[in-house]
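For reference, the structure is listed below as structure tokens.
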Amino acid sequence: MRQWAIICGLAAWLVCSAGNAAPVTFQVNLQPYLVAGYFDASTDRLELRGDFNGWAADGYPLLATGSVAAQAVTVDLPPGPVAYKFVIRRGAGALVWEDHIANRQWSVPVAGGAIPPVYFDDMAPAPNAPAPLIGADLSHVPRLESLGATYRQNDQSTPLLTVVRSSGFNLVRLRLWHTPDEPWQGLDATVAYAHRVQDAGLDLMLDLHYSDTWADPGQQTVPSAWSGVPLPALADSVATYTRQVMARFQAEGLALKYIQLGNEIGSGILWDTGRVGSPGSAWDTSVQWAAFTTLLQAAATAVRASAPAGEGPEIVLHVAEGGDNERCRWFFDGVTTAGIDFDVIGLSFYPWWHGTLWDLETNLRDLGPRYDKPVVVAETAYPWSLATADATANFVTESTSLMAGYPATPQGQLDFLRDLRRVVEPAGGLGVIYWEPAYVPVNTGPGSPYENLTLFDFSGSALPGLLFGLSLGSVTAVESSLPGLLLSQNRPNPFNPATTIRYRNVESGRVSLKIYDLDGALVRTLVDAQRASGTYQVRWLGRDDRGRAVATGVYLYQLTTPSGTERRKMVLVR
Numbered sequence: 033m034r035q036w037a038i039i040c041g042l043a044a045w046l047v048c049s050a051g052n053a054a055p056v057t058f059q060v061n062l063q064p065y066l067v068a069g070y071f072d073a074s075t076d077r078l079e080l081r082g083d084f085n086g087w088a089a090d091g092y093p094l095l096a097t098g099s100v101a102a103q104a105v106t107v108d109l110p111p112g113p114v115a116y117k118f119v120i121r122r123g124a125g126a127l128v129w130e131d132h133i134a135n136r137q138w139s140v141p142v143a144g145g146a147i148p149p150v151y152f153d154d155m156a157p158a159p160n161a162p163a164p165l166i167g168a169d170l171s172h173v174p175r176l177e178s179l180g181a182t183y184r185q186n187d188q189s190t191p192l193l194t195v196v197r198s199s200g201f202n203l204v205r206l207r208l209w210h211t212p213d214e215p216w217q218g219l220d221a222t223v224a225y226a227h228r229v230q231d232a233g234l235d236l237m238l239d240l241h242y243s244d245t246w247a248d249p250g251q252q253t254v255p256s257a258w259s260g261v262p263l264p265a266l267a268d269s270v271a272t273y274t275r276q277v278m279a280r281f282q283a284e285g286l287a288l289k290y291i292q293l294g295n296e297i298g299s300g301i302l303w304d305t306g307r308v309g310s311p312g313s314a315w316d317t318s319v320q321w322a323a324f325t326t327l328l329q330a331a332a333t334a335v336r337a338s339a340p341a342g343e344g345p346e347i348v349l350h351v352a353e354g355g356d357n358e359r360c361r362w363f364f365d366g367v368t369t370a371g372i373d374f375d376v377i378g379l380s381f382y383p384w385w386h387g388t389l390w391d392l393e394t395n396l397r398d399l400g401p402r403y404d405k406p407v408v409v410a411e412t413a414y415p416w417s418l419a420t421a422d423a424t425a426n427f428v429t430e431s432t433s434l435m436a437g438y439p440a441t442p443q444g445q446l447d448f449l450r451d452l453r454r455v456v457e458p459a460g461g462l463g464v465i466y467w468e469p470a471y472v473p474v475n476t477g478p479g480s481p482y483e484n485l486t487l488f489d490f491s492g493s494a495l496p497g498l499l500f501g502l503s504l505g506s507v508t509a510v511e512s513s514l515p516g517l518l519l520s521q522n523r524p525n526p527f528n529p530a531t532t533i534r535y536r537n538v539e540s541g542r543v544s545l546k547i548y549d550l551d552g553a554l555v556r557t558l559v560d561a562q563r564a565s566g567t568y569q570v571r572w573l574g575r576d577d578r579g580r581a582v583a584t585g586v587y588l589y590q591l592t593t594p595s596g597t598e599r600r601k602m603v604l605v606r
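The sequence shown runs 33 to 606 under the numbering used here.
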């Protein structure tokens, strides 16, 4: 392989030496990676690889041009199309490729030139690539709005779907119960809200629970209308109901992009007839699997038969265990062996239940190629606080439920969601759907176990986490205007020799703002005093508490106020 790379590189050199080559400058902006701490100028190096040197292992290194963020390299190339990518060489040699995107393309003019700068950004789409799926399950919203819930963005009351759309979301998921005790998850209410979603320019995903209430790993209760029905009649009921739902949406002019057949169905549906349990359990038998797949295929066949030829929604099979590859393989081996007709694998990923980001990435990288299906994270969430706003116990109340490096703060929530995308999209995932980001508490409403996992604070004001659907470059431009964010990104960044840090104190009390190095050692205390509520800014001159200039590197600055603690990264370049 190495010999072939050398031969290709020599061939490219001979072509470029033939007299018709011209200088081409490749440019990269590393700002998002510097801000996020993914590139350390003191140890990491950015390199160029391309078809013009056979993707050789000795890629062209880029050099800083004015700042570490802006880097470039000039290569003599003949006119015509070229394909290229970038790689970060970390420390002693570990590589981070842009391997999740298609090769970047450019056509070299006869006179050469400079290729427009790009971000080394694992969320920057390749040319002509479809936008990632950024979704929100908003099924609770009609009920909450009827009870008085309102939503605010930039201190202005704003329609929720406007907020969602402007924050980078492109899809809304809605759940449907068969015959609920209350009307909000029924067909009429779901269709009514689907019209609002479609009118707002957002795609639709319908989540058929095949139950009168919640369907999840702990319960898959048969609708009361189908209670006691034997398997053949139950399969017919599933098919008939699915066709009726599809017909209603089509009659209403509502276009479904995706349809889920059941919700978190890793243990089966319509228990106990379609129950398969877990690997090796008493329900994991050929008889139970035959019943389950009969019901599932009845639903899939009804969807296909109801959609116009060559059109219609893509079918999603959704399981809960996003970080458990063995469990997912067991399930999808079973349904593919049975020949179930579906298009997309859906996974839930809640870190306190489903493992680490590494567990999720490992699973994604295996499932997609193994079953030749795209994968979507169909549900996720992360806390912005550990506080509660009502008497109902929350899902996440202890710091032990958090992932290391992601505190339960508005910024910690945003950081987690951006890094979740950094896992999902490079691993070939379609995107991420946030479960019930608008499930805010209302005085006369139902108790919620979820109000600290929303993307709005307890009063309905937008939090920074809403911006996870935007590109990294867009986030830094608007995040400081959101009311939930206490600590803004320093400006300029990278900087030399000084930078300004802005912060907001929501309630009067003791405030500290301190600078740390990456080993956690205190470098400088900028603020340690009582502060009234308000917005402040502090200038750091790149010196420690003894007045000495500190070295080039990545530093952490941490704000602690009565409202909580937030931390960010910044880069000093001498």
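From the three backbone atoms N, C-alpha and C, an ideal C-beta is built for every residue, glycine too.
Backbone secondary structure at residue i - three-state DSSP
{"i": "residue 199", "result": "coil"}
{"i": "residue 329", "result": "helix"}
{"i": "residue 138", "result": "strand"}
{"i": "residue 180", "result": "coil"}
{"i": "residue 561", "result": "strand"}
{"i": "residue 398", "result": "helix"}
{"i": "residue 516", "result": "A caution first: residue 516 carries a pLDDT of 45, below 50, which makes its placement in the model unreliable, though a value can still be read off. Coil."}
{"i": "residue 220", "result": "helix"}
{"i": "residue 235", "result": "strand"}
{"i": "residue 447", "result": "helix"}
{"i": "residue 537", "result": "strand"}
{"i": "residue 96", "result": "strand"}
{"i": "residue 127", "result": "strand"}
{"i": "residue 500", "result": "helix"}
{"i": "residue 346", "result": "strand"}
{"i": "residue 485", "result": "coil"}
{"i": "residue 456", "result": "helix"}
{"i": "residue 480", "result": "coil"}
{"i": "residue 46", "result": "Since pLDDT at residue 46 reaches only 39, below the 50 mark, its modelled position is unreliable, and no value is offered."}
Best match in the options for proximity to residue i [C-alpha to C-alpha]
{"i": "residue 138", "options": "214, 58, 420", "result": "58"}
{"i": "residue 278", "options": "407, 337, 311, 574", "result": "337"}
{"i": "residue 478", "options": "234, 222, 423, 315", "result": "423"}
{"i": "residue 238", "options": "453, 93, 208, 410", "result": "208"}
{"i": "residue 3", "options": "552, 529, 540", "result": "Residue 3 cannot be examined here, being either before or after the span of the chain that is shown, 33 to 606."}
{"i": "residue 149", "options": "94, 128, 170", "result": "94"}
{"i": "residue 536", "options": "597, 525, 550", "result": "597"}
{"i": "residue 108", "options": "162, 152, 53, 115", "result": "53"}
{"i": "residue 195", "options": "205, 206, 182", "result": "182"}
{"i": "residue 564", "options": "211, 538, 484", "result": "538"}
{"i": "residue 188", "options": "179, 491, 573", "result": "491"}
{"i": "residue 295", "options": "361, 206, 442, 219", "result": "206"}
{"i": "residue 82", "options": "74, 73, 72, 56", "result": "56"}
{"i": "residue 152", "options": "216, 78, 192", "result": "78"}
{"i": "residue 519", "options": "591, 339, 130, 566", "result": "591"}
{"i": "residue 122", "options": "417, 499, 283, 74", "result": "74"}
{"i": "residue 601", "options": "544, 87, 533, 575", "result": "533"}
{"i": "residue 263", "options": "307, 289, 284, 283", "result": "307"}
{"i": "residue 566", "options": "595, 575, 579, 551", "result": "595"}
Supposed contact pair residue j and residue i - C-beta distance, whole angstroms, cut 8 Å
{"i": "residue 589", "j": "residue 604", "result": "Residue 589 to residue 604, Cβ: 11 Å. No contact."}
{"i": "residue 559", "j": "residue 548", "result": "About 14 Å separates the two Cβ atoms, so there is no contact after all."}
{"i": "residue 226", "j": "residue 236", "result": "6 Å"}
{"i": "residue 80", "j": "residue 105", "result": "5 Å"}
{"i": "residue 399", "j": "residue 367", "result": "That pair is no contact at about 12 Å."}
{"i": "residue 569", "j": "residue 497", "result": "Residue 569 to residue 497, Cβ: 24 Å. No contact."}
{"i": "residue 12", "j": "residue 397", "result": "Examination of residue 12 is not possible in this model, given that the chain is present from 33 through 606 alone."}
{"i": "residue 472", "j": "residue 448", "result": "That pair is no contact at about 20 Å."}
{"i": "residue 347", "j": "residue 293", "result": "6 Å"}
Residues bridged to residue i (per DSSP)
{"i": "residue 269", "result": "For residue 269, which the question treats as bridged, DSSP gives no partner whatsoever."}
{"i": "residue 58", "result": "105"}
{"i": "residue 613", "result": "The question about residue 613 has no answer, for the chain in this structure spans 33 to 606."}
{"i": "residue 115", "result": "137"}
{"i": "residue 301", "result": "306"}
{"i": "residue 609", "result": "In this structure the chain extends from 33 to 606, so residue 609 is not present and cannot be described."}
{"i": "residue 581", "result": "575"}
{"i": "residue 385", "result": "None, per the DSSP bridge assignment."}
{"i": "residue 542", "result": "562"}
Any chain C beta carbon closer than 7 Å to residue i
{"i": "residue 438", "result": "The structure shown has no chain C; it contains just one protein chain."}
### Message
Under 8 Å: do the segment 449-467 and the segment 166-175 share three or more Cβ pairs, one atom per stretch?
### Response
Short answer: they touch.
### Query
For the segment 253-263 against the segment 355-368, are there 3 or more C-beta pairs whose distance is under 8 Å?
These segments do not touch.
### Message
Counting beta carbon pairs with one atom in the segment 367-374 and one in the segment 433-453, are three or more of them shorter than 8 Å?
### Response
Not touching, per the Cβ criterion.
### Query
Contact between the segment 414-432 and the segment 482-491: three or more CB pairs below 8 Å?
Between the segment 414-432 and the segment 482-491, the count of C-beta pairs closer than 8 Å reaches three or more; the two stretches touch.
### Task
Determine contact between the segment 339-355 and the segment 293-307, defined as no fewer than three beta-carbon pairs at a distance below 8 Å.
The segment 339-355 makes contact with the segment 293-307; the number of CB pairs closer than 8 Å reaches 3 or more.
### Query
Counting Cβ pairs, one atom from each stretch, are 3 or more of them under 8 Å apart for the segment 408-416 and the segment 377-387?
By the Cβ test, the segment 408-416 is in contact with the segment 377-387, since at least three Cβ pairs between them sit closer than 8 Å.
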